[in-house]
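The next block holds one structure in the form of structure tokens; read it before the comments.
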Amino acid sequence: MAKSKTSFFCQSCGYESAKWLGKCPSCNSWNSFVEEIVNKEELTKNEWRPEPGKTRQEKPKTLSEIESTKEIRISSSDLELNRVLGGGIVYGSLVLIGGEPGIGKSTLMLQVGLALKKLRVLYVSGEESDQQIKMRAERLSDLTKTVNENFFVLTETNTRNIFQAIETIQPQLLIIDSIQTLHSHQLDSVAGSVGQVRQCAAELMKFAKETNTPVFLVGHITKDGMLAGPKVLEHMVDTVLQFEGDRHLAYRILRTTKNRFGSTSEIGIYEMLGNGLREVSNPSEILISQKDGNLTGATIGATIEGNRPLLIEIQSLVSPASYGTPQRTPTGFDQKRLNMLLAVLEKRCGFRLGTQDVFLNMAGGISVEDPAIDLAICISVISSMEEIPVSDKICFAAEIGLGGELRAVNRIDQRISEAEKLGFEQIYISKYSQKSIDVKKSKIEVKSFGKLTEVFKELFGKQ
372 MAKSKTSFFC
382 QSCGYESAKW
392 LGKCPSCNSW
402 NSFVEEIVNK
412 EELTKNEWRP
422 EPGKTRQEKP
432 KTLSEIESTK
442 EIRISSSDLE
452 LNRVLGGGIV
462 YGSLVLIGGE
472 PGIGKSTLML
482 QVGLALKKLR
492 VLYVSGEESD
502 QQIKMRAERL
512 SDLTKTVNEN
522 FFVLTETNTR
532 NIFQAIETIQ
542 PQLLIIDSIQ
552 TLHSHQLDSV
562 AGSVGQVRQC
572 AAELMKFAKE
582 TNTPVFLVGH
592 ITKDGMLAGP
602 KVLEHMVDTV
612 LQFEGDRHLA
622 YRILRTTKNR
632 FGSTSEIGIY
642 EMLGNGLREV
652 SNPSEILISQ
662 KDGNLTGATI
672 GATIEGNRPL
682 LIEIQSLVSP
692 ASYGTPQRTP
702 TGFDQKRLNM
712 LLAVLEKRCG
722 FRLGTQDVFL
732 NMAGGISVED
742 PAIDLAICIS
752 VISSMEEIPV
762 SDKICFAAEI
772 GLGGELRAVN
782 RIDQRISEAE
792 KLGFEQIYIS
802 KYSQKSIDVK
812 KSKIEVKSFG
822 KLTEVFKELF
832 GKQ
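Take 372 as the starting number for the sequence shown in this note's numbering and just add one per residue.
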């Protein structure tokens with residue numbers, strides 16, 4: 372009997388070492404090495420075996436010898452998923468979707484599989500039984516109308532049995548829920564370990580590329596919000612999607628962190644209902660809260676996520692600090708940038724915020740990094756501090772500089788047209804953005820300013 376060989380793998384990046392190390396030399400993580408049994412001879416094999424006669428030996432080619440082909444995509448009925456993927460599902464792509472437990476990853480993948488009635492879809496689950504998947508599918512509204520006869524369910528964790536079922540069904544779309552539950556007999560380690568996740572993902576990637584079949588992998592995340600398993604898993608796949616949102620709230624955000632076939636700045640927004648996930652075609656409706664009358668500390672900012680303009684409500688609360696050090700607590704916004712904006716308001720505009728607690732919230736649970744909402748945040752903070760409400764028919768789109776000046780932002784015409792479409796009467800922008808737009812074509816009143824103090828004088832009568 373051959374003696375088993377053990378190696379140590381870093382759980383963060385997958386680095387292999389012959390002995391245990393306290394610090395990983397690759398990713399500098401501490402105490403991340405675990406011991407796994409490895410058989411080098413078996414690792415040279417692969418569970419997925421291509422059909423006889425289809426193996427070929429590739430030789431180096433010049434760019435002129437390679438034929439350019441138009442990218443063909445599968446259009447699903449989920450328009451939000453199509454937008455996030457860059458226009459649809461690419462043949463032969465490997466897509467990894469991660470998120471917190473209970474956020475809706477399995478529900479999203481089940482909806483996508485049931486909606487593609489013209490394709491043979493194989494849904495492999497290592498976490499739920501057949502009856503559980505059936506009960507989940509019956510809650511989805513589409514299944515009660517028409518049954519998808521091309522949708523197959525397999526509850527299995529062994530990759531050898533999964534590939535045997537694949538050879539029998541020959542699916543046109545494969546969904547794995549989840550990659551951490553799969554187990555390859557080529558490794559003696561338990562399912563979910565670094566070696567198992569890497570080996571199973573490599574076998575599925577080989578299958579996807581050789582058969583031109585798109586594969587979706589559902590992945591777990593750690594307590595830090597990172598995808599569980601080795602970092603090499605994210606390098607292997609073509610697209611990484613992050614399903615975000617508070618599971619106690621109704622809205623979910625599907626965000627792209629890596630995409631070899633499209634932009635990484637697109638987002639998709641869903642609403643979790645009793646019968647599944649509903650696509651939100653107009654996100655500005657959920658990001659602007661419904662209220663009676665004007666409230667202090669509430670303003671509307673125009674931001675851009677990918678190619679989609681959004682109008683989001685910024686809420687601020689400024690109150691005297693009860694303790695020695697004032698609190699700066701933003702939700703959905705960078706704390707360092709908030710501190711910078713508060714310093715500009717105190718230094719350039721004369722507002723004494725050093726003894727005030729400042730709480731900032733982005734309505735709808737969305738996180739925003741666009742500097743174009745700087746002006747809306749400053750107006751919101753001063754509105755709460757001075758107890759002066761701002762009209763809900765005004766929105767703002769400008770970046771604030773350290774000198775208190777209003778800086779131009781990109782794609783201002785899309786922000787103006789979105790505000791006009793939602794019924795706003797005025798939009799405040801930088802005067803340096805006015806050069807790239809035609810104000811006469813807009814029905815909304817566009818007001819341009821050069822300094823932050825000019826906006827305060829216009830709105831609050833202060834300078």
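In this text, a Cβ means the ideal position worked out from N, Cα and C, and glycines have one as well.
Residue from the options whose Cα sits closest to the Cα of residue i
| i | options | result |
| --- | --- | --- |
| V611 | D617, A621, G633, S690 | G633 |
| V694 | T726, I753, K629, W401 | Correcting the residue identity first, residue 694 is Tyr in this sequence and not Val. Nearest of T726, I753, K629, W401 to Y694, Cα basis: T726. |
| G497 | V780, Y462, I460, I547 | I547 |
| S400 | I638, L392, E406 | L392 |
| S383 | T528, A599, L434, H556 | A599 |
| S397 | I800, A669, P601 | P601 |
| F587 | E509, Q567, Q613, V565 | Q613 |
| L545 | L558, E509, D763, L481 | L481 |
| R778 | F380, S801, S762 | S801 |
| F522 | E509, V492, Y622 | V492 |
| K838 | E442, D559, G563, N646 | Residue 838 lies beyond the range of the chain shown here (372 to 834); nothing can be said about it. |
| R531 | C571, S564, G385, A579 | C571 |
| E758 | L553, R723, Q567, V689 | V689 |
| V455 | G677, G463, P742 | G677 |
| V568 | I537, T528, K718 | T528 |
| E407 | A621, L465, F379, L746 | F379 |
Integer Cβ distance of residue i from residue j, believed to fall under 8 Å
| i | j | result |
| --- | --- | --- |
| I744 | G672 | 4 Å |
| S813 | E796 | S813 to E796, Cβ: 11 Å. No contact. |
| I550 | G590 | 5 Å |
| L666 | L681 | Contact doesn't hold; Cβ gap of about 21 Å is too wide. |
| E605 | G470 | The Cβ separation is near 14 Å, so there is no contact. |
| I683 | I737 | 6 Å |
| I798 | V826 | Not really, about 12 Å apart at Cβ, beyond 8 Å. |
| V405 | V565 | 7 Å |
Euclidean distance between Cα positions of residue i and residue j
| i | j | result |
| --- | --- | --- |
| Q805 | S788 | 14 Å |
| T526 | G475 | 19 Å |
| E740 | T539 | 48 Å |
| I675 | L452 | 18 Å |
| S751 | L713 | 12 Å |
| K594 | G473 | 14 Å |
| G794 | A769 | 20 Å |
| M643 | R649 | 6 Å |
| Q728 | E387 | Just to set this straight, residue 728 is Asp in the shown sequence, not Gln. Distance between the alpha carbons of D728 and E387 is about 49 Å. |
| K411 | M607 | Note that K411 scores 49 on pLDDT, short of 50, meaning its location in the model is unreliable and no value can be drawn from it. |
| C766 | I753 | 15 Å |
| T515 | I592 | Low confidence applies to T515: its pLDDT is 45, below 50, so where it sits in the model is not reliable, and the reading given next is rough at best. Looking at the two C-alpha atoms, the distance is approximately 32 Å. |
| G832 | Y803 | 23 Å |
| I533 | V524 | 11 Å |
| N653 | Y641 | 10 Å |
| N781 | I771 | 14 Å |
| S655 | Q543 | 36 Å |
| E581 | V461 | 14 Å |
| P691 | E637 | 39 Å |
| P697 | S660 | 28 Å |
| K489 | S447 | 10 Å |
| K828 | C720 | 11 Å |
| C395 | K629 | 25 Å |
| G821 | L479 | 46 Å |
| I437 | P431 | 10 Å |
| E442 | Q785 | 28 Å |
| V715 | E574 | 54 Å |
| L511 | S500 | 17 Å |
| K416 | G459 | Interpretation of K416 is limited by its pLDDT of 49, a score under 50 that renders its predicted location unreliable; the figure taken from the coordinates is listed afterwards. Roughly 33 Å between the two C-alpha positions. |
| I685 | K390 | 52 Å |
| A486 | T552 | 25 Å |
| D705 | P760 | 25 Å |
| G463 | M576 | 9 Å |
| K707 | R507 | 43 Å |
For residue i: DSSP bridge partner residues
| i | result |
| --- | --- |
| V466 | F587, T610 |
| Q727 | P691 |
| L777 | I771 |
| M733 | I685 |
| R326 | Any answer about residue 326 is impossible in this case: the structure gives the chain only from 372 up to 834. |
| K822 | E776 |
| S388 | F379 |
| C766 | I671, I798 |
| K394 | W401 |
| L598 | I592 |
| E406 | F379 |
Considering only residues of the stretch 480-548, which uninterrupted alpha helix (DSSP H) runs meet the minimum length of 4 residues and lie entirely inside it, listed in chain order? 501-510, 512-516, 530-540
Alpha helix (DSSP H) segments (min. 4 residues) lying fully within the stretch 619-679: 655-658
In chain order, which continuous runs of the beta strand (DSSP E) of length 3 or greater are located wholly inside the stretch 776-818? 797-801
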